[in-house]
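Input: a single structure, listed below in structure tokens.
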Amino acid sequence: PSSTTKHLNPTMACTLDRNDPLGGLPPKHCLDGNYKPVFTDRLQLEEAILFCKTTLENNLKHNVNLVRVSAPLFVTRASGFNDNLNGTERPATFEPRDFPGVHLEVPFSL
Numbered sequence: 094p095s096s097t098t099k100h101l102n103p104t105m106a107c108t109l110d111r112n113d114p115l116g117g118l119p120p121k122h123c124l125d126g127n128y129k130p131v132f133t134d135r136l137q138l139e140e141a142i143l144f145c146k147t148t149l150e151n152n153l154k155h156n157v158n159l160v161r162v163s164a165p166l167f168v169t170r171a172s173g174f175n176d177n178l179n180g181t182e183r184p185a186t187f188e189p190r191d192f193p194g195v196h197l198e199v200p201f202s203l
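Offset between the sequence shown (1-based) and our numbering: plus 93.
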């Protein structure tokens with residue numbers, strides 16, 4: 094182990110030392126069969142995972158100057174959103190019950 098890993102908290106799930114060929118993998122104390130998970134309740138585990146994902150997303154947006162953009166679930170044919178790149182696929186289309194005469198498509202990809 095390098096000097097970087099010597100100073101890490103021994104309860105950390107993994108090391109982030111780029112010089113360590115096993116960096117990013119769980120440390121040996123997690124793999125020896127004596128590892129006890131921090132979260133035993135499934136809901137707490139899911140909340141912790143969501144917290145990690147949200148924190149990563151927010152920090153990435155801030156540090157790289159990104160803006161999160163949501164994609165539409167349905168678009169009109171006239172919008173030109175579906176580009177039909179391969180020319181053989183046909184979009185899934187439907188007419189909403191409350192909007193007769195309006196034909197919507199499900200976007201292929203973003």
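We put the CB at the ideal spot given by N, CA and C, even for glycine.
- [ ] Report yes or no: do three or more beta-carbon pairs, one from the stretch 155-171 and one from the stretch 187-201, lie closer than 8 Å?
- [x] Touching, yes, given that three or more Cβ pairs across the two stretches are closer than 8 Å.
TODO: Alpha carbon to alpha carbon, how far is Leu-153 from Asp-206? Give it in angstroms, no decimals.
DONE: The displayed coordinates of the chain run from 94 to 203. Any statement about residue 206 would go beyond what the structure contains.
TODO: State the DSSP-derived secondary structure class of Val-271, mapped to helix, strand or coil.
DONE: No information on residue 271 is available, as it lies outside the stretch 94 to 203 that the chain covers here.
Open item on the list: Tell me which residues share the same chain as Ser-163 and place their Cβ nearer than 7 Å to its Cβ, disregarding the 5 neighbours each side in the sequence.
Closed with: Cβ neighbours of Ser-163 beyond the five flanking positions: none.
- [ ] For Glu-139, I'd like the list of residues in its chain whose CB is within less than 6 Å of its CB, leaving aside the five on either flank, ordered along the chain.
- [x] Result list for Glu-139: empty, nothing under 6 Å.
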